[in-house]
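For reference, the structure discussed in these notes is given below.
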Amino acid sequence: MTVDEMYQKMKRMLGDVVPDFELRYKAKLAVEINQLKKEKNAVILGHNYMEPALFHSVPDYAGDSLELSRKAAQTDADIIVFCGVKFMAETAKILNPTKTVLIPSMKAGCSLAESITAADVRALRQKFPGVPVVTYVNTYADVKAESDICCTSGNAVAVVESLGTDTVIFLPDEYLAGNVARITGKRIIFPTLTPGEKVDELDYQLIGWRGRCEVHEKFTVQDIQNVRAQFPDVVILSHPECSPEVVAASDFSGSTSAMIKYVEQTDAPRYLLLTECAMGDNIAAANPDKNMLRLCSVRCPHMNQITLEDTLKALQNIQYVVDVPKDIRVRAVQAVERMLTIG
Ligand code: 13P
Ligand code: SF4
């Protein structure tokens with residue numbers, strides 16, 4: 453595709469959300485990236501939260517974390533460029549270790565992944581012996597290595613139910629745990645850790661952790677009430693990293709891709725997304741006939757680090773290489789692959 457063709461394509465989709473001078477500049481970058489991608493036999497995986505110009509131009513596959521981990525496991529490209537955050541790139545490396553995995557910015561972290569360490573998980577196992585540990589994929593590889601099984605927002609309920617146990621340790625997202633508890637009917641407790649302390653009587657079923665997504669924790673029930681007062685016919689979609697109260701007050705909750713599919717299929721007069729805002733722009737661009745309320749101003753500062761400029765540099769300089777030490781990877785892969793067999 454020539455630069456002009458790319459510019460025309462981007463303009464058709466993004467003319468309302470990205471200024472024209474920016475589109476011209478970004479079209480040129482996107483064409484360079486796509487050429488280098490072919491030359492170097494690379495594949496680009498783009499999370500649904502990527503900024504609109506990047507999202508609609510360079511990823512070979514776009515999706516939620518579950519879909520992208522499946523693509524990472526299946527690809528036979530030599531290089532995987534992960535346009536997402538570090539835990540996602542690590543998961544790609546865990547699943548497909550012979551490939552070179554690149555992330556365009558080393559600053560793309562995640563507040564949930566930062567909230568818990570491998571030592572925290574070991575301490576919880578000591579405190580609750582025999583209780584299976586489910587960790588959200590929004591964790592680093594060493595935490596996954598201490599887990600029995602991983603989950604994403606798209607399969608958390610199925611993963612917890614697949615264990616068939618009365619008690620589950622669910623880490624580290626307090627809100628996702630609360631939402632899973634609400635759906636599965638399990639109670640949830642948040643233990644204060646005292647190293648070495650043993651608990652004899654388990655009168656709880658889901659043991660959680662106080663991690664939160666710094667983006668989704670910002671949405672409140674008051675926001676929902678305000679919007680419904682002004683637009684009574686609005687359909688509200690929330691990500692399960694929002695608080696259980698916000699999710700309960702919404703009309704639908706699901707992974708980023710589940711929200712995209714919902715919008716594609718809905719005939720609601722208007723809808724509102726309670727999630728990261730770049731995704732709102734991406735959905736609006738793909739569904740110009742649908743009426744999205746643009747009340748969103750929350751960007752994930754980590755996803756926001758990934759730019760077309762840095763994606764080009766990633767391919768030019770083969771940077772930044774994401775590695776997972778073998779002893780961690782061989783333990784982490786069991787938890788991730790076990791998740792992929794569930795759904
Ligand atoms: P999804 O798996 O739903 O794409 O969520 C990933 C994420 O980081 C949401 O904040
Ligand atoms: Fe992490 Fe939240 Fe950003 Fe997702 S949106 S990457 S959970 S900080």
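The sequence shown runs 453 to 795 under our numbering.
Glycine is no exception: its CB is placed at the ideal position from the N, C-alpha and C atoms.
As the structure is a prediction and not an experimental result, all values here were calculated from the model.
- For the pair L518 and N607, the CB atoms are nearer than the 8 Å cut-off.
- DSSP, read as helix, strand or coil, puts H668 in helix.
- Secondary structure remark: continuous beta strand (DSSP E) runs of at least 3 residues inside the region 486 to 563, in chain order: 494 to 499, 513 to 515, 531 to 535, 552 to 554.
- The ligand 13P has no heavy atom closer than 7 Å to the beta-carbon of E716.
- Cα atoms of M711 and M465: separation of roughly 19 Å, rounded to the nearest angstrom.
- By DSSP's assignment, F622 forms a beta bridge with V586.
- F704 has L689 as its beta-bridge partners, per DSSP.
- The region 492 to 507 and the region 682 to 689 do not touch, with fewer than 3 CB-CB distances between them shorter than 8 Å.
- Taking 8 Å as the upper bound for CB-CB distance, V583 and V612 are not in contact here, some 12 Å apart.
- Membership of Y592 in any beta strand (DSSP E) is not indicated, and neither H nor E is assigned to it by DSSP.
- Non-local beta-carbon contacts of P511 in its own chain, meaning distances under 6 Å to residues more than five positions away in sequence, involve I496, G498 in chain order.
- Per the C-alpha coordinates, the member of K545, I758, S709, V455 positioned closest to A529 is K545.
- Proximity to N739 across C748, L724, E761, V715 peaks at V715, based on C-alpha coordinates.
- Listed in chain order, the beta strand (DSSP E) runs fully inside the region 699 to 759 are 722 to 726, counting runs of at least 3 residues.
- Using a cutoff of 7 Å, the CB of L497 does not count as near the ligand 13P, since none of the ligand's heavy atoms is closer than that.
- Relative to the ligand SF4, the beta carbon of M711 is positioned no closer than 7 Å to any heavy atom.
- Contact check between the region 550 to 558 and the region 568 to 577: fewer than three CB pairs, one atom from each, fall below 8 Å, which does not count as touching.
- In the DSSP assignment, I770 falls outside any beta strand (DSSP E) and carries neither an H nor an E.
- Put simply, the backbone Cα of K596 is about 26 Å away from that of A766.
- Annotation: N486 to M453 spans about 9 Å, alpha carbon to alpha carbon.
- Short of 7 Å from the beta carbon of C535, and not among the five residues preceding or following it, lie these beta carbons of its own chain, in chain order: I496, L497, G498, H499, M502, L506, P511, P556, I758, T763.
- Residue pairing of I640 in beta bridges, as defined by DSSP: L658.
- Look at L564: its beta carbon is less than 7 Å from one of the heavy atoms in the ligand SF4.
- V667 has its CB nearer than 7 Å to a heavy atom of the ligand SF4.
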